[in-house]
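Report on one structure; see the data block that follows.
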Amino acid sequence: MKRSLSLVTGALVAASLVLSACAPAASTAAPEVEPTAETPKTTCALITPNPRGDRSFIDSAVRGIERANAELPVDCDIIETNGVAEHESAMRGAIQKGYDLIMGLALDAKLMTDLAAEFPDQKFGSPSEVFAETLPANLVSYQIDVHQSSFLVGLIVGKLTTTKTVGAVVGGDAPSLNQFYYGYKQGVLEVCPDCTVLVSYLGFDFSNPTLGLETAKGLYDKGADIVYQVAGRSGEGVLEAAAQADKFAIGVDSNQDFIQPGHVITSMIKRVDMTTYLTIQSVVEGKFEGGFKRLGMADGAAGLSWDEGSTTFADEGPDAMTAMLPEVQTLVEDYRTKILAGEFEVCDALSETDVCAALK
Amino acid sequence: MTHDRLKRLDAFLIPILAVLSGLVVSVILVLLTDTPPVEAYRILFVAGFGCNELTRCALFTTLERATPLILTGLSAVVAFRSGMFSIGQEGQYLLGAVMAAWLGYAIQLPPVIHPLFIMIMSMLAGAAYGWVPGVLRVKLGVNELLVTIVLNAIAVLFAEYMVQFPLRADAGAVAHSPVIDASAQLPTFLPGSKWGIGFVIAVLTAYAVYVYLWRSTPGYEQRMAGQSKRFALFGGIPSDNAAIRAMLISGALAGLAGSIEILGVHRRIMSAFSVGLGFDGLSVAILGQSHPLGVAIVAILFAGVRLGAQLGLQLEAQIPRELGGTIIGLIILFVALRKFYEGNLDRLRDWLVRRFNRGQARPER
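Respectively, the protein sequence lines represent chains A and B. Every letter in the first sequence is one number past the one before it in the numbering used here, and letter 54, counting from 1, is 53. Every letter in the second sequence is one number past the one before it in the numbering used here, and letter 265, counting from 1, is 359.
Right, here's the structure in full:
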């Protein structure tokens with residue numbers, strides 16, 4: 000008995016010796032040989048702030064990478080991280096691997112600008128806004144303006160509401176988030192001047208579906224029948240609340256119509272996949288340049304899930320509302336044409352135009 | 095004598111055997127991904143501990159990531175050894191971090207003094223937060239495990255509130271505090287990673303914790319109170335004081351971890367700062383045999399496996415980065431089997447000692 004047990008221990012020790020001997024041996028025997036492709040592909044990496052699967056912002060950027068890999072002569076990787084403690088090591092790891100382009104998705108602005116300054120020959124990109132005064136020449140940051148497409152959402156909501164009270168659950172009270180809210184409010188009031196627009200800010204908690212659920216319930220209890228969510232993962236709670244209360248909601252960032260079918264009228268889509276793709280494309284075509292870039296509805300970077308042909312609500316929504324959809328869609332297209340032609344001005348909370356004054 | 099000396103090796107041998115067993119069992123998971131296991135482990139360890147040139151060294155990044163784990167691990171060691179099963183490191187870590195981020199820009203002091211002062215204040219913040227469960231345990235008999243769980247949740251929300259409102263620097267979508275003054279930033283050794291003075295502080299702290307617990311009277315009292323409260327009382331040791339002292343020190347160490355993470359790495363605090371480094375400290379302490387030296391080694395191993403999984407497995411072998419966490423989980427599982435190793439190691443030792451003695455006896459014959 001004793002002997003057999005000591006044999007087990009011996010075997011473990013032996014296994015350890017073999018393993019520890021194996022590792023370095025293998026590394027010397029097989030030096031890293033890069034498989035040289037015939038046409039050198041542009042390489043790039045996207046560092047995500049959290050793992051994939053948020054059905055919103057991160058997944059959208061991942062779609063951009065997948066599209067680039069399919070359509071462009073590029074080889075792009077996705078580096079998932081799990082929170083702020085891993086962001087810098089992931090960025091530095093990517094720099095060491097020598098990608099042509101490294102994109103950080105919604106990472107800390109100081110981290111991005113510091114790394115860009117430290118590695119001036121490395122191209123960096125951010126598919127979403129980097130909040131900084133100035134950017135180095137090797138860092139490009141895309142800002143997607145969402146006020147105009149949020150206005151279209153407001154038109155839809157103003158037309159479809161039956162209680163004349165609608166709501167918005169917004170992640171936090173900051174200009175970049177109010178760009179969603181003020182555009183939406185203006186749209187509602189445009190077609191329904193006697194409507195009330197309720198708003199709840201979540202105190203910048205973007206990862207708390209329970210908070211979103213409770214907040215939206217409060218708005219539905221106050222008589223709102225449609226709520227626009229601008230709150231990341233917390234917003235999934237808003238969609239859930241709509242289903243529970245048998246009311247309606249509007250999704251954000253990605254197409255979220257399918258998450259609660261029949262309760263999500265449409266989604267305001269912020270095309271982070273597009274800015275991701277454009278950043279990669281600019282490198283492939285040799286047109287990369289640093290600095291801030293603003294895209295909006297005119298560029299197709301923001302829009303509605305309906306634009307992509309989403310018919311989830313038309314198929315599953317209540318008949319009384321779906322019957323109105325053709326009329327609503329015509330109205331939306333009318334305003335879209337006017338806005339794009341510059342004949343109608345929508346409030347942009349980031350630049351505080353005169354139109355906004357009336358909305359506060 | 096030889097026997098005793100060999101027995102002291104257990105503190106190393108058991109974790110090493112647990113690590114190896116974890117790696118061996120993980121081979122099954124690696125095989126599911128169609129990557130040869132030896133290749134996968136080579137990638138894992140090269141990406142976690144490799145070093146090509148001084149400024150592109152994964153090992154240095156690993157040491158940087160190990161720094162907070164060493165300190166939160168030591169925090170757990172001090173609590174565990176003193177009989178307090180405190181898991182409050184995460185909360186104390188966060189309070190230390192918030193304190194550092196705030197004082198980093200709110201007060202102006204000359205270099206050297208500035209970070210020193212901040213670290214002391216962060217340690218006080220952490221100690222104060224550790225004092226609460228200590229006092230509740232001693233005076234009211236409230237289970238410190240429950241109290242620390244609740245306090246962690248409060249600290250996470252408090253830190254998030256501080257980042258979102260009082261400390262918020264600008265209206266960006268991701269909230270963060272202003273960058274701390276240059277005078278408060280802890281220097282780094284080499285460009286390419288944030289490995290710096292913080293690591294040295296962590297290692298020195300590990301030594302200090304060892305000296306305190308094993309070579310000083312108050313430390314002896316704490317360990318005694320931890321091993322047997324009644325015996326300690328009988329021997330005239332004020333075990334209540336020892337328990338509170340343990341929680342103060344434990345909290346201070348976790349607060350120091352938060353402070354160094356801010357002053358040395360991030361240079362400001364941002365939304366979602368709590369990523370479980372405090373909880374990782376618990377695992378590090380358990381795997382490190384609740385010994386400072388073990389903690390330091392295991393923290394480096396943890397950080398390296400994580401980094402290797404993130405940058406090696408994920409990128410080179412397309413194996414999900416979660417494998418790193420799985421390996422760590424399996425290793426902890428095997429540490430829980432320490433009784434198995436201990437029994438066998440004792441037998442192996444007996445056998446070796448007998449052989450050794452016989453071998454020595456021979457030339458005399």
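Built from N, CA and C at the ideal position, the CB exists for glycine as well. As the structure is a prediction and not an experimental result, all values here were calculated from the model.
Residues of its chain near residue i, where Cβ-Cβ distance is below 7 Å and the 5 sequence neighbours each way are ignored
| i | result |
| --- | --- |
| L197 of chain B | I212 and M215 |
| V61 of chain A | R51 and I77 |
CB-CB length for residue i against residue j, believed under 8 Å
| i | j | result |
| --- | --- | --- |
| N246 of chain B | E184 of chain B | 5 Å |
| G228 of chain B | I338 of chain B | 4 Å |
| Y366 of chain A | A242 of chain A | Residue 366 of chain A is absent from the model: chain A starts at 0 and stops at 359. |
| V190 of chain A | G157 of chain A | 4 Å |
| L230 of chain B | V244 of chain B | L230 of chain B to V244 of chain B, Cβ: 10 Å. No contact. |
| W289 of chain B | E147 of chain B | Incorrect: roughly 15 Å between the Cβ atoms, too far for contact. |
| A131 of chain A | T160 of chain A | Not quite, the Cβ-Cβ distance comes to about 39 Å (not below 8 Å), so this is no contact. |
| S271 of chain B | A195 of chain B | 5 Å |
Contact list for residue i against chain A, beta-carbon separation under 9 Å
| i | result |
| --- | --- |
| Q404 of chain B | I78, E79, T80, N81, E85, S88, A89 and G92 |
| P234 of chain B | Pro is not the amino acid found at residue 234 of chain B; the sequence shown has Leu there. Near L234 of chain B there are no residues of chain A at all, since even the closest Cβ is about 31 Å away, more than 9 Å. |
| L240 of chain B | By Cβ distance, chain A contributes nothing, its closest Cβ being about 22 Å from L240 of chain B, past 9 Å. |
| L210 of chain B | Here the premise fails: no neighbours, minimum Cβ distance about 24 Å. |
Identified DSSP bridge partners for residue i
| i | result |
| --- | --- |
| L100 of chain A | A:C43 and A:K122 |
| D74 of chain A | A:T42 |
| M364 of chain B | B:H270 |
| G147 of chain B | It should be noted that the sequence gives Glu, not Gly, for residue 147 of chain B. According to DSSP, which records beta bridges pairwise, E147 of chain B is partnered with B:R150. |
| I225 of chain A | A:V165 and A:F247 |
| V132 of chain B | Paired residues: none, contrary to the question. |
Check: residue i C-beta below 8 Å from any heavy atom of the ligand COA
| i | result |
| --- | --- |
| E213 of chain A | Looking for the ligand COA in the displayed structure turns up nothing, as the structure carries no ligands at all. |
Residue i at chain A interface by Cβ criterion, 9 Å
| i | result |
| --- | --- |
| Q258 of chain B | yes |
| L401 of chain B | yes |
| Q408 of chain B | yes |
| P162 of chain B | yes |
| I108 of chain B | no |
| L395 of chain B | no |
| R159 of chain B | yes |
| A141 of chain B | yes |
Neighbourhood of residue i by C-beta distance below 6 Å, restricted to the same chain and skipping five residues each side
| i | result |
| --- | --- |
| A300 of chain A | I143, R270, M273 and L294 |
| T311 of chain A | D256, F257 and P260 |
| T321 of chain A | A313 |
Cβ of residue i within 9 Å of any chain B Cβ
| i | result |
| --- | --- |
| P34 of chain A | Per-residue confidence for P34 of chain A stands at a pLDDT of 47, beneath the threshold of 50, marking its modelled position as unreliable; the derived number appears in the next sentence. No, P34 of chain A lies away from the interface with chain B (no Cβ there is under 9 Å from its Cβ). |
| F123 of chain A | no |
| F343 of chain A | no |
| Q228 of chain A | no |
| G290 of chain A | no |
| A136 of chain A | no |
| S206 of chain A | yes |
| G250 of chain A | no |
| G234 of chain A | no |
| A20 of chain A | The pLDDT assigned to A20 of chain A is 40, lower than 50, so where the model puts this residue is not dependable; a value taken from the coordinates is nonetheless given after this. Cβ-Cβ to chain B under 9 Å: no for A20 of chain A. |
| G182 of chain A | no |
| S15 of chain A | Note that S15 of chain A scores 45 on pLDDT, short of 50, meaning its location in the model is unreliable and no value can be drawn from it. |
| G217 of chain A | no |
| G170 of chain A | yes |
| S26 of chain A | Annotation note: pLDDT 37 at S26 of chain A (below 50); position unreliable, coordinate value reported separately. Cβ-Cβ to chain B under 9 Å: yes for S26 of chain A. |
Proximal chain B residues relative to residue i, where beta-carbon distance stays under 9 Å
| i | result |
| --- | --- |
| E128 of chain A | G266 and A267 |
| E117 of chain A | P285 and G286 |
| F203 of chain A | E254, V257, Q258, F259, R262, A267, V268, A269 and S365 |
| P174 of chain A | A265 |
| A105 of chain A | A267 and V268 |
Proximal residues of chain A, C-beta to C-beta of residue i below 8 Å
| i | result |
| --- | --- |
| F367 of chain B | V83 |
| T155 of chain B | S88, R91 and G92 |
| R452 of chain B | Per Cβ cutoff of 8 Å: no residues; R452 of chain B is ~16 Å from chain A at best. |
Cβ of residue i within 9 Å of any chain D Cβ
| i | result |
| --- | --- |
| D333 of chain A | Of the chains in the structure shown, none is chain D; the protein chains are A and B. |
Own chain partners of residue i with C-beta closer than 8 Å, once the 5 adjacent residues on each side are dropped
| i | result |
| --- | --- |
| P204 of chain B | S277 |
| T299 of chain B | I164, L165, L168, L347 and L350 |
| P312 of chain B | Y306, A336 and R339 |
| T156 of chain B | G142, F143, I394, A397, G398 and L401 |
| G382 of chain B | P109, G167, V171, G388, V389, A390, I391, V392 and A393 |
| N177 of chain A | V169 and A348 |
Closer than 7 Å at the beta carbon, the chain B residues around residue i
| i | result |
| --- | --- |
| Q95 of chain A | R150 |
Residue i: contacting residues in chain B (beta-carbon distance under 8 Å)
| i | result |
| --- | --- |
| E109 of chain A | The amino acid occupying residue 109 of chain A in the given sequence is Lys; Glu does not appear at that position. In chain order: H270, V273, R361 and R362. |
Neighbour list for residue i in chain A, Cβ cutoff strictly below 7 Å
| i | result |
| --- | --- |
| R432 of chain B | Those do not exist, as R432 of chain B stays about 13 Å from chain A at its closest Cβ, beyond 7 Å. |
| R415 of chain B | E79 |
| L371 of chain B | A84 |
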